[in-house]
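In this note's numbering, the protein residues as written are 569 to 739. Working notes, beginning with the structure itself.
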Amino acid sequence: MILTSFLVISGCKTNAQKLKISSIYSEPKQVTKEIPETGKTHTYTTRKEVTERLDPLIFMLSKNAGTLTFCIQGNISSSGHSIHKVRKIRFERGAQSGNTVTLKYYVEIKKVLGKENADVLGYNYTKDETYKIPNDIKIIRIELYEERINDTSATKPKLLAQQSFNFFPKI
């Protein structure tokens with residue numbers, strides 16, 4: 569019984585750090601439009617998103633004795649003749665200035681040869697992260713960037729979201 573409980577607890581801890589990716593699906597939708605010049609109606613098919621697209625965000629899940637747990641979320645577009653996949657989310661500790669530290673996370677997007685399914689318009693991603701707060705740090709600034717791995721036109725990572733967490737004691 570104790571061994572089973574330990575395995576369940578340790579399993580939950582490893583799942584918290586896993587990158588979760590889900591598809592953004594669409595479905596066909598028929599639209600009827602009247603052409604004013606001729607007065608005739610024209611019916612054509614478009615695609616309507618069925619799955620909600622997650623906005624790029626960083627939000628706190630919990631703050632316990634010396635640790636901060638937060639969630640990184642966002643989406644990428646992938647459709648037609650260009651398949652884009654989230655390879656991983658890479659962490660880089662940025663500069664520390666006084667009692668402030670900057671944490672940088674890079675969503676690595678890889679272009680894959682082939683054609684995307686017509687029902688898929690992109691992918692949502694989420695990842696929970698835990699950061700051990702050093703004693704001298706009072707402000708944590710987290711930045712989320714998008715980095716295209718094998719795309720030569722995008723040389724500089726694009727800033728998607730940023731969030732600051734203030735841990736000054738309340739008076």
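Glycine included, each C-beta is placed from N, C-alpha and C at the ideal position.
task = Step through the CB atoms of chain B and report whether any lies within less than 7 Å of the CB of Val618.
result = Looking at the structure shown, chain B is missing, and only one protein chain is on hand.
message = What does the Cβ neighbour count give for Tyr612, buried or exposed, with the cut at 16 atoms within 10 Å?
response = Looking at its Cβ environment, which holds fewer than 16 other Cβ atoms inside 10 Å, Tyr612 is exposed.
request  = Can you tell me which of the three DSSP states Pro596 falls into?
outcome  = Strand, per DSSP.
query = Can you tell which of Glu595, Tyr699 and Glu711 has its C-alpha closest to the C-alpha of Asn632?
reply = Closest by alpha carbon: Tyr699.
ask   = Whole-angstrom Cβ separation of Tyr693 and Gln641, contact assumed at under 8 Å?
value = Yes, Tyr693 and Gln641 are in contact; Cβ-Cβ is about 7 Å, under 8 Å.
request  = Determine the closest residue to Arg615 out of Ile710, Ile657 and Leu689, with distance taken between C-alpha atoms.
outcome  = Check the Cα spacing between Arg615 and each of Ile710, Ile657 and Leu689: the tightest is with Leu689.
message = Assuming contact is defined by CB atoms lying nearer than 7 Å, are Ile651 and Val680 in contact in what I supplied?
response = Cβ atoms of Ile651 and Val680: closer than 7 Å.
ask   = Between the Cα of Ile589 and the Cα atoms of Asp696, Gly666, Gly662 and Ser665, which residue gives the shortest distance?
value = That would be Asp696, whose Cα lies nearest to the Cα of Ile589.
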